[in-house]
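Peer 1:
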Ligand SMILES: Cc1ncc(COP(=O)(O)O)c(C=O)c1O
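In our numbering, the protein residues as written are 2 to 373.
1. Which whole-angstrom value describes the C-beta separation of residue 187 and residue 170, a residue pair presumed to lie in contact below a C-beta threshold of 8 Å?
2. Check whether the Cβ of residue 232 sits closer than 7 Å to any heavy atom of ligand 1, and report yes or no.
3. Would you please state the rounded distance, in angstroms, between the beta carbons of residue 128 and residue 162? I believe it to be under 8 Å.
4. By the 10 Å Cβ neighbour count, where 16 or more other Cβ atoms means buried, how is residue 246 classified, buried or exposed?
5. Rounded to a whole number of angstroms, what is the C-alpha to C-alpha distance between residue 78 and residue 86?
6. Please give the ranges of any beta strand (DSSP E) in the region 111–198, keeping only runs that are unbroken, at least 3 residues long and fully inside the region.
7. Are residue 146 and residue 182 close, meaning C-beta to C-beta below 8 Å?
8. Among the candidates 305, 156, 107, 302, whose CA atom is the shortest distance from the CA of residue 253?
9. Please report the straight-line C-alpha distance between residue 6 and residue 244, rounded to a whole angstrom.
10. In chain order, what residues of the same chain have a beta carbon less than 6 Å from the beta carbon of residue 62, not counting five sequence neighbours either side?
11. Can you say whether residue 91 is buried or exposed, counting buried as having 16 or more other CB atoms within 10 angstroms of its CB?
12. Here's the rule: buried if 16 or more other CB atoms are within 10 angstroms of the residue's CB, otherwise exposed. What is residue 174?
13. If you count every other CB in all the chains shown that lies within 10 Å of the CB of residue 214, and 16 or more means buried, which is it?
14. Alpha carbon to alpha carbon, how far is residue 286 from residue 142? Give it in angstroms, no decimals.
15. Buried or exposed: which applies to residue 310, given that a residue is buried once 16 or more other Cβ atoms fall within 10 Å of its Cβ?
16. Rank 312, 318, 271, 326 by C-alpha distance to the C-alpha of residue 299 and give the top, closest one.
17. DSSP three-state label for residue 15, please.
18. Let's see if you can read the secondary structure: which residues bound the alpha helix (DSSP H) around residue 36?
19. Determine the burial state of residue 17: buried for a count of at least 16 other Cβ atoms within 10 Å of its Cβ, exposed for fewer.
20. According to DSSP, is residue 281 helix, strand or coil?
21. Would you tell me roughly how many angstroms separate the C-alpha atoms of residue 75 and residue 29, rounded to the nearest one?
22. Cβ-heavy atom distance between residue 283 and ligand 1 below 7 Å?
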């Protein structure tokens, strides 16, 4: 991944510096307004990262210490960590072998009488079948949080991902296709949840720093609960506004590049590429490939082969339950998670990628030496 940043971003950040107000302020409010509009949700609350947005999402949705929250182990570890921050217990569920996402069945298998929430991830930008999971969870009073860290620009049932969620969290880390350096967003149709998240991200102050600054005699603020400093800065938001405007172009380009990879990989026995599920379209934030036994190399062998030709690919998505931090934590076997984490890799894909760069990768995939 390489972020796609240009002069417009430089100018936007420069304007914020010239304005003298660099902390959370009018740019953050504008970014929230525009993001809510493009994602088709009523409220957007900017945060310092997706991890902090997930933490706030769990709190405002009513997850309490002692609750269980179902999460995929097949995700960046922040998904599970957010549950621990909220004082709850992450309960790992397995994923679908084709999409890499939670399914209604895999969630159902791990429900307990203490399950209060589920975090459904759009892994690598592949839209999760949220409605199926909500059909199971809504009647049980279990809140489904969508971890759309990777999802900006992906669609689910003809709407942006996140639009059908009670609450969703987004990442703007440079590894994602819309970046603010670091940053995140919480979106929800629930006005009360949005208002509480807005307070909690700013030390739970009853009057925001921007509002106090705007008044000559600042009103005294109250702190009715323990909050956090999970704010985004106006410098980041200015970057985000420009990046948001580029999103359709970035997604179109990624889908074009993904199409070239997909066609080439279909002709290579033993490789399977990530693809759009029947219910949506991917932004191809991560173009992952499964290396099957028919292929002459295993996953690590292929990574080494690519590296030997100067191509930097990456291991696929991690399995959180295999990390020391979650040792002994899985309640059920997670065979699909373990299979996918062992056999997948992520190919280079970035907006500025040239046809000859992509051809190099394709040639390297289809001309491999025998396994050593
Ligand atoms: C699925 C998922 N959730 C959460 C995160 C954490 O995002 P951030 O780095 O913005 O906290 C990531 C980051 O890679 C992610 O991929």
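Ideal placement from N, C-alpha and C gives every residue a C-beta, glycine not left out.
Peer 2: According to the data block:
1. Taking the first residue of the chain shown as 1, we reach residue 187 at position 186. Taking the first residue of the chain shown as 1, we reach residue 170 at position 169. Going by Cβ atoms, the distance from residue 187 to residue 170 rounds to 6 Å, so yes, they are a contact pair.
2. Position 231 of the chain shown, counted from the first residue, corresponds to residue 232. No, ligand 1 has no heavy atom inside 7 Å of this Cβ.
3. By 1-based counting over the chain shown, the position of residue 128 is 127. By 1-based counting over the chain shown, the position of residue 162 is 161. 5 Å between Cβ atoms; contact.
4. The count along the chain shown starts at 1 and reaches residue 246 at position 245. Result: exposed.
5. Along the chain shown, read from residue 1 onward, the residue named residue 78 stands at position 77. Along the chain shown, read from residue 1 onward, the residue named residue 86 stands at position 85. Rounded to the nearest angstrom, the two C-alpha atoms are 12 Å apart.
6. 116–122, 144–148, 168–172, 185–189
7. Against the chain shown, residue 146 aligns to sequence position 145. Against the chain shown, residue 182 aligns to sequence position 181. It is not a contact, given that the beta carbons lie outside the stated cut-off.
8. Here residue 253 corresponds to residue number 252 of the chain shown, with the count starting at 1. Here the closest residue by C-alpha is 156.
9. Here residue 6 refers to the residue found at position 5 when the chain shown is read from its first residue. Here residue 244 refers to the residue found at position 243 when the chain shown is read from its first residue. One C-alpha to the other measures close to 8 Å.
10. As a working mapping, residue 62 is identified with position 61 in the chain shown. Hits under 6 Å: 144, 168.
11. For the purposes of this step, residue 91 is taken as the residue at position 90 of the chain shown. When all chains shown are included, residue 91 counts as buried.
12. As a first step, residue 174 is located in the chain shown; it is residue number 173 there, counting from the start. The residue in question, residue 174, is buried, as its Cβ has 16 or more Cβ neighbours within 10 Å.
13. For the purposes of this step, residue 214 is taken as residue 213 along the chain shown, with counting starting at 1. Result: exposed.
14. One-based indexing of the chain shown puts residue 142 at position 141. One-based indexing of the chain shown puts residue 286 at position 285. The alpha-carbon atoms of residue 142 and residue 286 are separated by roughly 32 Å.
15. Translated into positions along the chain shown, residue 310 becomes position 309. That one is exposed.
16. Taking the first residue of the chain shown as 1, we reach residue 299 at position 298. Residue 271 is the option with its Cα nearest to residue 299.
17. Residue mapping note: residue 15 aligns to position 14 of the chain shown, counting from 1. Helix, per DSSP.
18. Your numbering for residue 36 matches position 35 in the chain shown. Here the alpha helix (DSSP H) through residue 36 covers 27–40.
19. Counting from one through the chain shown, the residue named residue 17 turns up at place 16. Buried, because 16 or more other Cβ atoms sit within 10 Å of the Cβ of residue 17.
20. Taking the first residue of the chain shown as 1, we reach residue 281 at position 280. If DSSP states are grouped into helix, strand and coil, residue 281 belongs with the strands.
21. Counted from its first residue, the chain shown places residue 75 at position 74. Counted from its first residue, the chain shown places residue 29 at position 28. Cα-Cα distance, rounded: 32 Å.
22. Residue 283 sits at position 282 when you count from the first residue of the chain shown. Answer for residue 283: no, Cβ out of range of ligand 1.
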